[in-house]
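A quick write-up on the structure given underneath.
Protein chains: 4
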Amino acid sequence: METNPQYCPENIGFSTSLKVGRKAKPEGTIVNIEGVKIGGTEVVIIAGPCAVESREQLFETARAVRNGGAKILRGGAFKPRSSPYNFQGLGEEGLKLLGQIRKEIGLPVVTEVMDTRQVELVSAHANMLQIGSRNMQNYPLLKEVGMSRKPILLKRGMMATIEEFLLAAEYILNQGNDQVILCERGIRTFETSTRNTLDLSAVPMLKRLSHLPVIVDPSHGTGLRWMVPPMAKAAVAVGADGLIIEVHYKPEEAICDGHQSLDHDDFINLMTDLKKIAEAVNREISLPDPS
Amino acid sequence: METNPQYCPENIGFSTSLKVGRKAKPEGTIVNIEGVKIGGTEVVIIAGPCAVESREQLFETARAVRNGGAKILRGGAFKPRSSPYNFQGLGEEGLKLLGQIRKEIGLPVVTEVMDTRQVELVSAHANMLQIGSRNMQNYPLLKEVGMSRKPILLKRGMMATIEEFLLAAEYILNQGNDQVILCERGIRTFETSTRNTLDLSAVPMLKRLSHLPVIVDPSHGTGLRWMVPPMAKAAVAVGADGLIIEVHYKPEEAICDGHQSLDHDDFINLMTDLKKIAEAVNREISLPDPS
Amino acid sequence: METNPQYCPENIGFSTSLKVGRKAKPEGTIVNIEGVKIGGTEVVIIAGPCAVESREQLFETARAVRNGGAKILRGGAFKPRSSPYNFQGLGEEGLKLLGQIRKEIGLPVVTEVMDTRQVELVSAHANMLQIGSRNMQNYPLLKEVGMSRKPILLKRGMMATIEEFLLAAEYILNQGNDQVILCERGIRTFETSTRNTLDLSAVPMLKRLSHLPVIVDPSHGTGLRWMVPPMAKAAVAVGADGLIIEVHYKPEEAICDGHQSLDHDDFINLMTDLKKIAEAVNREISLPDPS
Amino acid sequence: METNPQYCPENIGFSTSLKVGRKAKPEGTIVNIEGVKIGGTEVVIIAGPCAVESREQLFETARAVRNGGAKILRGGAFKPRSSPYNFQGLGEEGLKLLGQIRKEIGLPVVTEVMDTRQVELVSAHANMLQIGSRNMQNYPLLKEVGMSRKPILLKRGMMATIEEFLLAAEYILNQGNDQVILCERGIRTFETSTRNTLDLSAVPMLKRLSHLPVIVDPSHGTGLRWMVPPMAKAAVAVGADGLIIEVHYKPEEAICDGHQSLDHDDFINLMTDLKKIAEAVNREISLPDPS
Numbered sequence: 036m037e038t039n040p041q042y043c044p045e046n047i048g049f050s051t052s053l054k055v056g057r058k059a060k061p062e063g064t065i066v067n068i069e070g071v072k073i074g075g076t077e078v079v080i081i082a083g084p085c086a087v088e089s090r091e092q093l094f095e096t097a098r099a100v101r102n103g104g105a106k107i108l109r110g111g112a113f114k115p116r117s118s119p120y121n122f123q124g125l126g127e128e129g130l131k132l133l134g135q136i137r138k139e140i141g142l143p144v145v146t147e148v149m150d151t152r153q154v155e156l157v158s159a160h161a162n163m164l165q166i167g168s169r170n171m172q173n174y175p176l177l178k179e180v181g182m183s184r185k186p187i188l189l190k191r192g193m194m195a196t197i198e199e200f201l202l203a204a205e206y207i208l209n210q211g212n213d214q215v216i217l218c219e220r221g222i223r224t225f226e227t228s229t230r231n232t233l234d235l236s237a238v239p240m241l242k243r244l245s246h247l248p249v250i251v252d253p254s255h256g257t258g259l260r261w262m263v264p265p266m267a268k269a270a271v272a273v274g275a276d277g278l279i280i281e282v283h284y285k286p287e288e289a290i291c292d293g294h295q296s297l298d299h300d301d302f303i304n305l306m307t308d309l310k311k312i313a314e315a316v317n318r319e320i321s322l323p324d325p326s
Numbered sequence: 036m037e038t039n040p041q042y043c044p045e046n047i048g049f050s051t052s053l054k055v056g057r058k059a060k061p062e063g064t065i066v067n068i069e070g071v072k073i074g075g076t077e078v079v080i081i082a083g084p085c086a087v088e089s090r091e092q093l094f095e096t097a098r099a100v101r102n103g104g105a106k107i108l109r110g111g112a113f114k115p116r117s118s119p120y121n122f123q124g125l126g127e128e129g130l131k132l133l134g135q136i137r138k139e140i141g142l143p144v145v146t147e148v149m150d151t152r153q154v155e156l157v158s159a160h161a162n163m164l165q166i167g168s169r170n171m172q173n174y175p176l177l178k179e180v181g182m183s184r185k186p187i188l189l190k191r192g193m194m195a196t197i198e199e200f201l202l203a204a205e206y207i208l209n210q211g212n213d214q215v216i217l218c219e220r221g222i223r224t225f226e227t228s229t230r231n232t233l234d235l236s237a238v239p240m241l242k243r244l245s246h247l248p249v250i251v252d253p254s255h256g257t258g259l260r261w262m263v264p265p266m267a268k269a270a271v272a273v274g275a276d277g278l279i280i281e282v283h284y285k286p287e288e289a290i291c292d293g294h295q296s297l298d299h300d301d302f303i304n305l306m307t308d309l310k311k312i313a314e315a316v317n318r319e320i321s322l323p324d325p326s
Numbered sequence: 036m037e038t039n040p041q042y043c044p045e046n047i048g049f050s051t052s053l054k055v056g057r058k059a060k061p062e063g064t065i066v067n068i069e070g071v072k073i074g075g076t077e078v079v080i081i082a083g084p085c086a087v088e089s090r091e092q093l094f095e096t097a098r099a100v101r102n103g104g105a106k107i108l109r110g111g112a113f114k115p116r117s118s119p120y121n122f123q124g125l126g127e128e129g130l131k132l133l134g135q136i137r138k139e140i141g142l143p144v145v146t147e148v149m150d151t152r153q154v155e156l157v158s159a160h161a162n163m164l165q166i167g168s169r170n171m172q173n174y175p176l177l178k179e180v181g182m183s184r185k186p187i188l189l190k191r192g193m194m195a196t197i198e199e200f201l202l203a204a205e206y207i208l209n210q211g212n213d214q215v216i217l218c219e220r221g222i223r224t225f226e227t228s229t230r231n232t233l234d235l236s237a238v239p240m241l242k243r244l245s246h247l248p249v250i251v252d253p254s255h256g257t258g259l260r261w262m263v264p265p266m267a268k269a270a271v272a273v274g275a276d277g278l279i280i281e282v283h284y285k286p287e288e289a290i291c292d293g294h295q296s297l298d299h300d301d302f303i304n305l306m307t308d309l310k311k312i313a314e315a316v317n318r319e320i321s322l323p324d325p326s
Numbered sequence: 036m037e038t039n040p041q042y043c044p045e046n047i048g049f050s051t052s053l054k055v056g057r058k059a060k061p062e063g064t065i066v067n068i069e070g071v072k073i074g075g076t077e078v079v080i081i082a083g084p085c086a087v088e089s090r091e092q093l094f095e096t097a098r099a100v101r102n103g104g105a106k107i108l109r110g111g112a113f114k115p116r117s118s119p120y121n122f123q124g125l126g127e128e129g130l131k132l133l134g135q136i137r138k139e140i141g142l143p144v145v146t147e148v149m150d151t152r153q154v155e156l157v158s159a160h161a162n163m164l165q166i167g168s169r170n171m172q173n174y175p176l177l178k179e180v181g182m183s184r185k186p187i188l189l190k191r192g193m194m195a196t197i198e199e200f201l202l203a204a205e206y207i208l209n210q211g212n213d214q215v216i217l218c219e220r221g222i223r224t225f226e227t228s229t230r231n232t233l234d235l236s237a238v239p240m241l242k243r244l245s246h247l248p249v250i251v252d253p254s255h256g257t258g259l260r261w262m263v264p265p266m267a268k269a270a271v272a273v274g275a276d277g278l279i280i281e282v283h284y285k286p287e288e289a290i291c292d293g294h295q296s297l298d299h300d301d302f303i304n305l306m307t308d309l310k311k312i313a314e315a316v317n318r319e320i321s322l323p324d325p326s
């Protein structure tokens with residue numbers, strides 16, 4: 036008899052009794068963020084800076100990624116940083132800038148919420164709430180956003196199993212909010228040449244086990260600007276419903292994560308390449324009319 | 036030239052500029068929990084159930100561990116559970132039971148706080164606040180307990196490096212609270228025969244880099260009742276300033292973590308063994324007069 | 036100042052002084068296996084059973100994968116198995132069957148060699164020698180195959196860093212053999228829903244650091260038949276020079292790895308899909324004329 | 036129902052049907068190396084340099100560790116090194132020096148064998164053969180040493196589960212050689228402040244599952260000289276049957292692993308401390324008469 040305790044494919048049946056389980060909604064969930072639909076044929080690209088730094092920085096990048104084909108803007112106002120001495124984000128000032136993007140640039144906005152006490156405030160300015168990796172098992176926060184009516188972008192914890200990830204999403208659905216997108220963003224392994232190890236096998240696994248849409252973050256998943264394009268292509272090929280990509284108008288001057296941010300030109304070129312891959316797997320990426 | 040990117044001993048110098056750094060207080064910090072001092076010659080044992088289940092359960096175990104030589108009681112009222120369908124703790128009712136322990140049994144109490152909004156409530160009943168593994172990088176929570184005047188028991192995240200662990204403690208000290216105890220409780224690795232891999236090398240590493248006391252949780256660190264005694268002995272031998280051990284009056288009936296909880300007799304026997312190890316490394320464990 | 040000891044992108048400069056380093060041959064190496072070239076525009080597919088079980092099994096699958104577009108046959112005669120009581124392979128009898136494939140079916144053959152004493156024997160029957168994951172740091176074996184004139188397929192150890200992987204290849208080149216192909220086949224992490232975690236970021240990283248061709252094994256990398264197609268597509272999208280895929284004529288009866296083997300029809304369908312991805316990234320997969 | 040796929044304590048029953056299983060020999064195996072018995076009451080200390088560098092270096096350290104209480108000398112003649120450009124050991128010349136130790140200094144000797152073709156040669160000079168971490172799953176080598184009549188020191192692979200480790204030992208016992216000692220030497224995890232993560236929980240786990248003696252290598256397990264003493268004490272406290280420690284007469288001049296080697300004085304001081312711990316857990320370490 037062969038044994039392999041490291042590897043238990045039969046365990047993946049655990050999801051069948053969950054609200055997030057594929058069985059509960061075999062046709063799949065489509066999450067609607069102010070008219071942008073994630074989980075359908077279109078592969079949706081979310082892009083923008085790691086952190087909101089200034090009005091100029093935010094709006095220039097917002098326009099650039101919109102023109103490149105992004106459908107949603109990302110940007111952090113409250114930043115979870117390993118050190119208390121690192122930049123912690125602009126806070127409410129950043130939120131207000133984000134709140135103007137939808138009207139002025141036309142893109143819905145996703146931003147992170149870190150504290151149960153801020154869910155209401157962040158909801159007033161953002162169109163989708165992000166739960167970051169470090170808070171994937173912050174259960175009071177999961178319950179709180181589960182009680183909101185906003186779409187939620189839930190990032191996988193850097194050492195969370197597939198099962199724990201789905202159970203974290205279950206906390207949100209269990210409060211009545213089923214507008215949840217799962218995001219693979221790299222796990223922590225022994226390998227140190229990349230910032231994290233982007234686990235693309237999580238995409239087909241999550242889509243098999245759950246009806247929720249799954250997107251990929253190749254920026255945090257690799258930590259290396261030059262590696263974002265090949266991993267983004269792989270993510271579309273493997274079946275992701277979307278990508279979230281860090282873009283900065285001057286990466287070398289970014290306050291955080293500049294080394295993993297694309298500049299505007301890199302982003303525009305990448306979108307053209309991604310469109311070809313999407314079509315090769317019978318998906319779509321709609322690019323703006325270049326005129 | 037030999038290379039080893041996996042292993043960067045020179046990196047450990049990062050702590051020298053931190054408030055938690057050994058250099059900031061070479062003689063070491065002693066944390067005082069209602070007169071119980073952690074960080075001195077005495078190796079302090081914290082013991083009690085995973086979760087508060089009932090008055091009978093809590094008080095029986097409190098008496099037993101006190102009589103065995105424990106100096107502080109542990110017990111959870113708010114429980115962070117992977118699944119929303121697992122027991123979430125008795126909440127405020129559990130807190131109130133914990134609040135009676137100090138007066139009636141004579142032991143200070145440590146319990147977990149999971150939400151910034153609960154810090155005040157939990158502080159009203161507990162003598163020390165625990166930040167659990169899943170919240171080690173919940174920065175708003177770290178800041179909030181940093182503003183309280185309670186001693187803090189900070190557990191290492193299951194995926195946290197030594198550096199990230201110390202930076203999490205720095206968030207607390209940076210708010211003015213230096214009564215922080217670090218707790219190694221097992222990290223996540225590829226090995227599946229134990230619940231986590233208890234990283235005892237973290238103890239001498241943390242004590243070299245920081246002035247804060249360091250304790251070990253052999254219960255969560257192994258997940259196996261029979262393995263708690265040998266790992267507890269090893270933790271004392273390696274230089275831990277204390278241990279936190281799960282004890283239940285009827286482990287087979289425990290609502291959570293019964294398989295890793297000692298019963299009362301096991302605990303009392305273990306204390307006698309630990310005393311010998313403590314003396315072999317020039318530390319002390321004071322046991323009550325058996326009469 | 037931000038710190039991140041886990042992640043040292045500057046370390047990747049270590050390869051510049053190595054024979055395997057990109058700098059030593061900026062244009063890239065093309066490995067030639069009896070006329071099949073790996074490392075050029077064509078994405079080369081290697082396919083076949085985990086182990087040679089019988090003449091019928093081997094030849095039926097060899098014909099099927101050739102007709103599907105595979106250019107090289109894989110098959111194990113000596114099998115490294117975790118337990119001594121698992122099937123260890125047909126040994127020399129299996130080698131002889133493999134030795135007939137090139138003439139009768141027209142495909143070159145790759146098979147594993149595990150022992151320095153067998154290099155000569157295996158070389159007499161195979162067109163390329165495989166060094167398996169468990170032997171990636173078996174230095175006497177690396178030196179021995181380095182002295183042979185056969186092309187070498189070197190699989191990444193399941194817990195080998197990118198640096199260790201390249202240094203293992205360096206042992207082979209240092210003996211005068213530069214016909215080496217690197218194979219990412221999944222690394223060991225905490226995640227247990229898949230057999231290993233297929234690290235596709237290794238492909239662009241290895242290709243940046245080294246001039247050697249890089250292929251991917253989605254069969255061992257996932258351990259799940261249904262996950263092989265999406266991960267194979269992702270591997271082509273990310274820039275792999277080839278794939279090595281387990282195919283069995285009756286997967287449910289396979290002596291080993293049946294649960295991760297494609298059947299003949301699955302393989303043929305996958306090849307059509309892979310061709311589209313290859314073209315979307317400006318590579319080619321040539322399929323046989325269906326007539 | 037609670038779930039935890041990461042942690043499968045019931046799986047540990049796999050060993051009951053193995054030759055290495057505790058059930059096959061409940062009283063435990065004592066391995067006899069030229070009269071030195073490992074697996075009994077005595078905790079046996081093996082010490083010596085990483086590599087044999089010269090007669091002077093080897094003999095000075097051999098005398099020092101013997102006088103300090105070591106019962107067996109360690110020293111490498113064939114060294115498995117990550118890079119082909121690192122020192123590969125003195126080879127046969129080193130073996131011959133090792134072969135003189137038993138007669139001249141009175142200590143049996145353990146040294147590593149890396150190649151099936153060298154088993155006979157190494158056996159002619161050494162009293163125990165070591166299989167290193169990188170070769171733990173080199174099955175031809177395991178079979179070859181299984182056919183020898185020498186005691187075998189089998190080191191855990193840095194990525195090997197407890198189950199794989201025991202199955203590797205099973206390869207040796209299955210050839211008729213039951214004189215096998217298991218050695219925990221650190222596993223590879225995400226943590227980079229130490230060279231490896233020394234998994235002391237492996238000691239009670241292995242001793243529960245198997246009848247074979249278990250020793251610990253705190254030198255490779257930590258990679259840091261100052262951390263060897265506390266981890267050595269913890270290893271004795273947790274129940275190890277012995278330790279293997281790197282000692283060099285001039286650590287700062289060592290060709291390899293100098294940063295993790297104790298000097299002679301450190302070693303002698305450590306032995307005194309270890310003796311106290313051994314006694315606290317009802318074991319013994321016999322030190323030479325200081326006169």
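Order-wise, the sequence lines are chains A, B, C and D.
Going by the working numbering, the residue at position 247 of the first sequence is 282; the numbering climbs one at a time, nothing skipped.
Going by the working numbering, the residue at position 262 of the second sequence is 297; the numbering climbs one at a time, nothing skipped.
Going by the working numbering, the residue at position 23 of the third sequence is 58; the numbering climbs one at a time, nothing skipped.
Going by the working numbering, the residue at position 50 of the fourth sequence is 85; the numbering climbs one at a time, nothing skipped.
Note that the Cβ used here is the ideal one computed from N, Cα and C, for glycine as well.
Please tell me whether residue i and residue j are closer than 8 Å, where the distance is taken between their beta carbons.
i, j, result
"Pro119/A", "Thr151/A", "no"
"Ala59/B", "His246/B", "yes"
"Met194/D", "Arg223/C", "yes"
"Glu288/B", "Val55/B", "no"
"Val78/B", "Asp276/B", "yes"
"Ile216/B", "Ala82/B", "no"
"Lys26/A", "Cys291/A", "The structure shown does not extend to residue 26/A, since chain A is modelled only from 36 to 326, so the question has no answer here."
At a CB-CB cut-off below 7 Å, which residues of chain B make contact with residue i?
i, result
"Thr229/A", "By Cβ distance, chain B contributes nothing, its closest Cβ being about 12 Å from Thr229/A, past 7 Å."
"Gln172/A", "Pro115, Arg169"
Could you name the residues of chain A that residue i contacts, counting a contact when the two beta carbons are closer than 7 Å?
i, result
"Thr51/B", "None at all; the shortest Cβ gap to chain A is about 14 Å."
What does residue i touch in chain A if you count any residue whose Cβ is under 9 Å from its own?
i, result
"Pro325/C", "Under the 9 Å cutoff, chain A gives no residues; its nearest Cβ is about 20 Å from Pro325/C."
Mind listing the chain C neighbours of residue i? Cutoff is C-beta to C-beta under 8 Å, in chain order.
i, result
"Ser118/D", "Leu202, Glu205"
"Ile197/A", "Glu226, Ser228"
Below 7 Å on C-beta distance, what does residue i contact in chain D?
i, result
"Asn209/C", "Pro119"
Residues of the stretch 59–84 of chain D whose Cβ lies closer than 8 Å to any Cβ of chain B, in chain order: none
Proximal residues, the stretch 211–227 of chain C versus chain B, C-beta separation under 8 Å: Per Cβ criterion, the list reads Arg223, Thr224, Phe225, Thr227.
What residues from the stretch 125–157 of chain A come within 9 Å of chain B, judged by C-beta to C-beta, listed N to C? Met149, Asp150, Thr151, Arg152, Gln153
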